[in-house]
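The structure under discussion appears below in the form of structure tokens.
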Amino acid sequence: MSRVYNFSAGPSMLPYEVLKKAASELLEYGSSGQSVMEMSHRSKEYKAIIDDAEATLREIMNIPDNYTVLFLQGGASTQFAMIPLNLMTKNKKADYIITGQWAKKACKEGARYGAVRAVASSEDETFSYIPKGFEKKLDPEADYVHICMNNTIYGTKWHEIPDTGDVPLVADISSCILSEPIDVSKFGVLYAGAQKNVAPAGLTIVIIRNDLIGNAMEITPTMLNYETHSSNGSMFNTPPTYNIYIAGLVFHWIKEIGGLEAIGEINKKKAKLLYDFLDSSKLFKGTVKKEDRSLMNVPFVTGNEELDAKFVKESSMAGFINLKGHRSVGGMRASIYNAMPIEGVEALVEFMKKFEEENLNV
Ligand SMILES: *Cc1c(COP(=O)(O)O)cnc(C)c1O
Numbered sequence: 015m016s017r018v019y020n021f022s023a024g025p026s027m028l029p030y031e032v033l034k035k036a037a038s039e040l041l042e043y044g045s046s047g048q049s050v051m052e053m054s055h056r057s058k059e060y061k062a063i064i065d066d067a068e069a070t071l072r073e074i075m076n077i078p079d080n081y082t083v084l085f086l087q088g089g090a091s092t093q094f095a096m097i098p099l100n101l102m103t104k105n106k107k108a109d110y111i112i113t114g115q116w117a118k119k120a121c122k123e124g125a126r127y128g129a130v131r132a133v134a135s136s137e138d139e140t141f142s143y144i145p146k147g148f149e150k151k152l153d154p155e156a157d158y159v160h161i162c163m164n165n166t167i168y169g170t171k172w173h174e175i176p177d178t179g180d181v182p183l184v185a186d187i188s189s190c191i192l193s194e195p196i197d198v199s200k201f202g203v204l205y206a207g208a209q210k211n212v213a214p215a216g217l218t219i220v221i222i223r224n225d226l227i228g229n230a231m232e233i234t235p236t237m238l239n240y241e242t243h244s245s246n247g248s249m250f251n252t253p254p255t256y257n258i259y260i261a262g263l264v265f266h267w268i269k270e271i272g273g274l275e276a277i278g279e280i281n282k283k284k285a286k287l288l289y290d291f292l293d294s295s296k297l298f299k300g301t302v303k304k305e306d307r308s309l310m311n312v313p314f315v316t317g318n319e320e321l322d323a324k325f326v327k328e329s330s331m332a333g334f335i336n337l338k339g340h341r342s343v344g345g346m347r348a349s350i351y352n353a354m355p356i357e358g359v360e361a362l363v364e365f366m367k368k369f370e371e372e373n374l375n376v
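Residue numbers for the sequence shown follow my numbering, beginning at 15 and rising by one.
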């Protein structure tokens, strides 16, 4: 078997060690006589798995006690509705910062439930930067401020958390969860689809400050009410049991590497390799303002669409797959999540150097 380097934005690579461990336990977990997939979610074996996953996540993210961790379904996209349904209930208004397609979608969904303002946007420059200096425009009476922490499609990241005063800050961290340390106490809600940095698609992680639970709008469907899930330990209905098990293995994998500090250093090193090359290349260039660059998603172009297409094709044949940029922006994008080994980035840079030599003057 030869595994490719998969630069997909999501679903994406999982750590090889995790896949191996899961494979070894696929037919029988411990001495349970069954696969985790077949277990009752109410069984004592499964209870140990979900409890351990939560405890390990709390440990590596340093999640304060006054926050609840929820393992849900529906993807990050369902949170676009759950956030307003549960939080936009006091003054019925919220502020959104528009930094890309996901933030835009979240804002559009929020507008179905109350008075939503797009306070700042970087759409004027194809979302190639993070807006700054908008804090004074924020409404102190808003029920929350929403940001998308890492913009998967455009490759930007909030390196500084905006100060929203007493207004709870809500962040979509789908594509940067567990990529580096984060101060959970600065946020009201953090949420993430698992398929980028945590587990197979189908699991959504929500980390929510306890005082924000229990105030949902009257119209809120039972399944979209955070309280339903918090008061039932994420087991109001059947949770995505196998995904939570894989997530637990990934949390342990991170812990063994040395936690988020260590993972963050590795991710910085990986991203630097690629950005340094892009900055020195005569053919390729990055598309994002330097200070706002993402550690996880690195978009780049040659400036020539035909050459971009050639690069995508040849890189794929060489075992570097899914380097095509998002359909809305074109060019290329290398997503280098936690599970992408540094060797994968080194090999990609070598391949890009070779491609540059062969194609610079043609
Ligand atoms: C992938 C992604 C989403 C969408 O996630 P789903 O789980 O597919 O709904 C939302 N926000 C960000 C930042 C993403 O990267």
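By construction, the Cβ of each residue, glycine as well, lies at the ideal position given by its N, Cα and C atoms. These numbers were taken from a predicted model, which means no experiment stands behind them.
In chain order, what residues of the same chain lie with their CB nearer than 8 Å to the CB of residue i, ignoring the 5 residues before and after it?
| i | result |
| --- | --- |
| K1 | The question about residue 1 has no answer, for the chain in this structure spans 15 to 376. |
| A129 | K106, K107, A108 |
| L226 | N100, L101, P182, G202, V203, Y240 |
Apart from the five residues just before and just after residue i, which ones in its own chain have a Cβ nearer than 7 Å to its Cβ?
| i | result |
| --- | --- |
| W267 | P29, E31, V32 |
| N224 | N80, Y81, T82 |
| K122 | none |
| M249 | H55 |
| S342 | Q115, I167 |
| I141 | The question names Ile, but residue 141 is Phe in the sequence shown. Excluding residues within five positions, the ones whose Cβ falls inside 7 Å are T113, G114, N165, Y168, T170. |
Alpha carbon to alpha carbon, how far is residue i from residue j?
| i | j | result |
| --- | --- | --- |
| P253 | A261 | 13 Å |
| A378 | D153 | Summary: the structure shown does not reach residue 378, with the chain confined to residues 15 through 376, and so no result is reported for it. |
| G88 | Y205 | 12 Å |
| E174 | G202 | 16 Å |
| S46 | T166 | 40 Å |
| M331 | V18 | 10 Å |
| W172 | V302 | 13 Å |
| I112 | K200 | 20 Å |
| Y158 | I219 | 19 Å |
| P195 | I161 | 18 Å |
| E370 | N246 | 56 Å |
| G11 | C190 | What the structure shows of the chain is the stretch from 15 to 376, and residue 11 is not part of that stretch, so it cannot be assessed. |
| K104 | R131 | 16 Å |
| E232 | Y127 | 12 Å |
Determine the closest residue to residue i out of the options, with distance taken between C-alpha atoms.
| i | options | result |
| --- | --- | --- |
| E137 | A332, K299, G114 | G114 |
| S22 | S349, Y127, P235, M237 | S349 |
| L40 | N375, E357, L263, G179 | L263 |
| F94 | A125, T103, A208, F334 | A125 |
| K283 | V212, K296, S135, S308 | S308 |
| A377 | S245, Y259, N239, P313 | In the structure displayed, the chain extends from 15 to 376; residue 377 sits before or after that span and is not available. |
| A67 | S245, I258, G358 | I258 |
| G147 | P176, N336, K119, I219 | P176 |
| G358 | K119, V181, L287 | L287 |
| S188 | N211, R72, N336 | N211 |
| N373 | L321, Y256, I335 | L321 |
| D180 | D186, E149, S193, L192 | E149 |
| H340 | E360, V315, V363 | V315 |
Name the two residues that bound the continuous beta strand (DSSP E) containing residue i.
| i | result |
| --- | --- |
| L86 | 81-86 |
| Y313 | The sequence as given places Pro at residue 313; Tyr does not occur at that position. Run containing P313: 311-315, per the beta strand (DSSP E) assignment. |
| Y205 | 203-207 |
| A132 | 129-135 |
| A108 | 107-112 |
Can you name the start and end residues of the alpha helix (DSSP H) that residue i belongs to?
| i | result |
| --- | --- |
| M346 | Where M346 is concerned, there is no enclosing alpha helix (DSSP H), although the beta strand (DSSP E) it sits in stretches over 346-349. |
| H266 | 255-271 |
| V415 | This structure does not reach residue 415, given that the chain is present from 15 up to 376, and the question cannot be answered. |
Take residue i and list the residues in its own chain whose beta-carbon comes closer than 6 Å to its own, dropping the five residues that flank it on each side.
| i | result |
| --- | --- |
| M96 | L238 |
| I64 | I258 |
Per the contact definition of three or more C-beta pairs closer than 8 Å, is the region 281-294 in contact with the region 59-69? The region 59-69 vs the region 281-294: no contact.
Quick test of the definition: if touching needs 3 or more C-beta pairs under 8 Å, does the region 99-106 touch the region 236-244? Taking 8 Å as the limit for Cβ pairs, the verdict is that the region 236-244 does touch the region 99-106.
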